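*Asks:*
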Amino acid sequence: MSTDVAGQAHCPVVVVRDEPRQEHGEIVAGVDDSPECEPALAYAFEQARLRGATLRVVHAWQLPSLALDPEAVYDMDEVRTAQHQVVRDRLQSLTRDHPQVKVVEDVRSAHPVDALNRVAEQADLLVVGSRGHGAVRSALLGSVSRGVLHHASCPVAVVRA
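For what it's worth, full-length UniProt numbering labels the leading residue of the sequence shown as 1, then goes sequentially.
1) Please name the residue or residues paired with L106 in a DSSP beta bridge.
2) Could you please give the first and the last residue of the uninterrupted alpha helix (DSSP H) stretch that includes V119?
3) Is the beta carbon of V58 sitting closer than 9 angstroms to the one on G30?
4) With 16 other CB atoms within 10 Å as the buried threshold, where does residue 192 fall?
5) Looking only at C-alpha atoms, which of R118, L94, A115 sits nearest to Q47?
6) Using the Cα positions of R160 and L126, report the straight-line distance between them to the nearest angstrom.
7) DSSP state of G25, grouped into three classes?
8) Could you tell me the alpha carbon to alpha carbon distance between A42 and Q100, rounded to whole angstroms?
9) In angstroms, rounded to a whole number, what distance separates the CA positions of P112 and A60?
10) Taking 9 angstroms as the CB-CB limit, is A110 close to chain C?
11) For V148 and N117, I'd like the C-alpha separation in whole angstroms.
12) Return the Cβ separation of V87 and V107 in integer angstroms, given the expectation that the two are a contact with Cβ distance under 8 angstroms.
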């Protein structure tokens, strides 16, 4: 169990794979621009602290489909800067509260499930949040937490907001 920045307790669901794995000394946490990812990030910081591991914070993003707006023009430098700012904003208070945890910011232009599963190949634990939209909405929209639970090669912790 961990507590978030507001001191509320969160009990994650952790799925551990059957196959023995080599330790890598790295915890991976997926983040986005929603406040719902904060409990998962707090849990990941605590796991990294307890294990003496590096925390890799992954934020994956994709540009909207041009089919939706074929005349849209994007300044890629501006988009990349904004995506890096998402990560810095999420990390600000937690890095201050956990100065002993080495943090690696990893911002990628990719689908979140693909990016997290790729990085998890060299991780001891993958931590993601779950917004808890319910079965119907999850089936319609898909889910990062479900995608990594089914495909990640390392143990996965899902922390509900």
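Glycine residues also receive a C-beta, built at the ideal position from the N, C-alpha and C atoms. Because the structure is a prediction, the values reported are computed rather than measured.
*Replies:* Result, derived from the coordinates:
1) Leu is not the amino acid found at residue 106; the sequence shown has Asp there. Partner(s): V58.
2) 112-120
3) yes
4) Nothing about residue 192 can be read from this structure; the chain reaches only from 1 to 161.
5) L94
6) 14 angstroms
7) coil
8) 14 angstroms
9) 5 angstroms
10) Included in the structure is just one protein chain, with no chain C present.
11) 6 angstroms
12) 6 angstroms
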